[in-house]
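**Student:**
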Amino acid sequence: MTPSTPQKAADQDGSVIIVGAGIVGIACAHYLSESGLRVTVIDRGTIAGACSHANCGYICPSHVLPLTEPGVIGVALRSLLNPRAPFRVKPRISPALWNWMFQFARRCNRRQMLTAGKALRAILDTSIAEYRRLIPEQSLNCEWKENGLLYVLQTEQGMKHFAETDRLLTDHFGVSAQRIDGTSLPSFDPALKAGLAGAFHYPGDASVRPDRLNAEWAARLRERGVQFIEHCELLGISKSGGRITELRTSQGDLTAGEIVFAMGAWSARWSEELECRVPIQPGKGYSITMPRPEPCPRYPILFPEHKVGVSPFENGYRLGSMMEFSGYDSTIPAHRIQQLRDSAKPYLVAPVDGPAEETWYGWRPMTWDSLPIIGRVPKLTNAFLAAGHNMLGLTLAPATGRIIAEMITGQPALLDVTPYSPARF
Ligand SMILES: Cc1cc2nc3c(=O)[nH]c(=O)nc-3n(C[C@H](O)[C@H](O)[C@H](O)COP(=O)(O)OP(=O)(O)OC[C@H]3O[C@@H](n4cnc5c(N)ncnc54)[C@H](O)[C@@H]3O)c2cc1C
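Sequential numbering of the sequence shown, starting at 169, is according to the working numbering.
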């Protein structure tokens, strides 16, 4: 398909347009093209140039607990006065933001946290199983490692608190960790300083280098005939008879039988046109990528007390963190990058003040119930949403792509998709 040459509908010729070439759009393109459909992916920028570019790279079924934990809203309120808080809401007048916060706050209780966790568990498990099949099958050279994920605690109090989380994960979700005491930690990972309180190792998690995964996967898809059109921005939608008939883009008009909207944090802006609530707020995070230190961590690591993650790569390492509700703000303040370094310093043997190869921000597509939005748009028969993946878009992408392809091609569903339905809002 080329811009300005409208195509016939999918029910006539099997064509699909995916708007958004992040990891979710790429995964949708994979499963749809595997099902024999003719797929075009458009993006206002470059392939995976937004939130999917320099995230931490964890494929983490251990992240089964949603953000809506009891007590989080108190943390958010205190952050209003503290510009250095890792979880921060920037005070501003925005009815959409405050409605989002209100809905989010209503869900910060144990019952709803466990319900959301159950829905997350199903899609997390499906997704990692898909990755285990896909990576070798497609020869995706992306530093896939099954080393698990290490949660390292600095204080005894932190250990005690995290032990409760670990018990919850084991009892309710069957996700178990190996507990490592502080004295054994430096031999478990020599990149960690002596004197830390201990750690929990979740062996079922994996990791990738995200930019390599994106590039490799898109290359395989191109070989298979998927067309990517970069710098092609969706500007408007024409509808008739409950269907989308045309997409107006910066490179001309496009049509296809089915349209998948995979626009990450931008998706909320299309609520009105899609006649459907898309309650997504951008949850801004930052990362800094540096040359590989000596010693470099063996494991992907999270420091829950400082809320920062470390991702070791073959040719470098990355610190990533923060959750800022500051709207569509694209600045990278120097103090936030310094904060990443300062937060990792108490834990790592190697100095963390090396030169930056890249500093980066990404807008996580945050929903108020911590679940992604995957499925048919209620009032438009040929429109689908694949967005709102919160802090887990990389992890959840394959299952999302598979669900969307099953829906469009009418194959039986692999898992119960009701919890992710766009109709739930
Ligand atoms: C610091 C940080 C660390 C993270 N670490 C992890 C991790 O370890 N594991 C994990 O699973 N997740 C992680 N995440 C979350 C993950 O990065 C996101 O959930 C995921 O990238 C979302 O993917 P997406 O494809 O939905 O969105 P995006 O990657 O943002 O893609 C959306 C695309 O839509 C395009 N678009 C938008 N509007 C239009 C338009 N009008 N026309 C055309 N194109 C348009 C954009 O240009 C963009 O390319 C992290 C996020 C951050 C910020």
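The beta-carbon is built from N, C-alpha and C at its ideal position, and this holds for glycine as well.
Remember, it's a predicted structure, so these values are computed and weren't measured experimentally.
1. How do the segment 315-333 and the segment 462-481 stand: do at least 3 beta-carbon pairs fall below 8 Å, yes or no?
2. Among Trp531, Ile505, Thr423, Cys444, which one has its Cα closest to the Cα of Ile541?
3. Where Gly225 and Gly409 are concerned, what is the direct C-alpha to C-alpha distance, given to the nearest angstrom?
4. Val243 lies in the alpha helix (DSSP H); which residues open and close that run?
5. Can you find a heavy atom of ligand 1 that lies under 7 Å from the Cβ of Met434?
6. Taking the alpha-carbon positions, what's the Thr173 to Asp537 distance?
7. DSSP three-state call for Trp536: helix, strand or coil?
8. Touch check for the segment 329-348 and the segment 382-395: three-plus C-beta pairs under 8 Å?
9. Determine, using beta carbons only, whether Leu292 and Leu553 come nearer to each other than 8 Å.
10. Comparing C-alpha positions only, which one of Leu200, Ala551, Ala244, Tyr588 sits nearest to Val428?
11. When you compare each of Ser455, Gly522, Ala518, Ile185 to Thr499 by their alpha carbons, which one comes out closest?
12. Use the C-beta contact count for Ala581: other C-beta atoms within 10 angstroms, 16 or more gives buried, fewer gives exposed.
13. Kindly list the residues whose CB is nearer than 7 Å to the CB of Gln175, restricted to its own chain and excluding five residues on each side of it in sequence; keep chain order.
14. With DSSP collapsed to three states, give me the class of Trp385.
15. Quickly, what does DSSP pair Arg544 with across the bridge? List them, please.
16. Once DSSP output is grouped into helix, strand and coil, what is the label at Gly285?
17. DSSP three-state call for Lys475: helix, strand or coil?
18. Return the bridge partner residues of Met490 from the DSSP annotation.
19. When you compare only the Cα positions, how much space is there between Gln579 and Val232?
20. Tell me, please, whether the segment 394-406 touches the segment 515-533 by the rule of three or more beta-carbon pairs shorter than 8 Å.
**Tutor:** Well, looking at it:
1. yes
2. Cys444
3. 42 Å
4. 240-247
5. Note that residue 434 is Trp in the sequence shown here, rather than Met. Yes, ligand 1 has a heavy atom inside 7 Å of this Cβ.
6. Residue placement at Thr173 is poorly supported in this model, since its pLDDT is 36, which falls under 50; the coordinates still yield a value, given next. Whole-angstrom Cα-Cα distance: 40 Å.
7. coil
8. no
9. no
10. Ala551
11. Ser455
12. exposed
13. Because the pLDDT at Gln175 is just 36, under 50, the model does not fix this residue reliably, and the point stays unresolved.
14. helix
15. Phe552
16. helix
17. coil
18. In the DSSP output, where bridge partners are listed per residue, Met490 has none listed.
19. 27 Å
20. no
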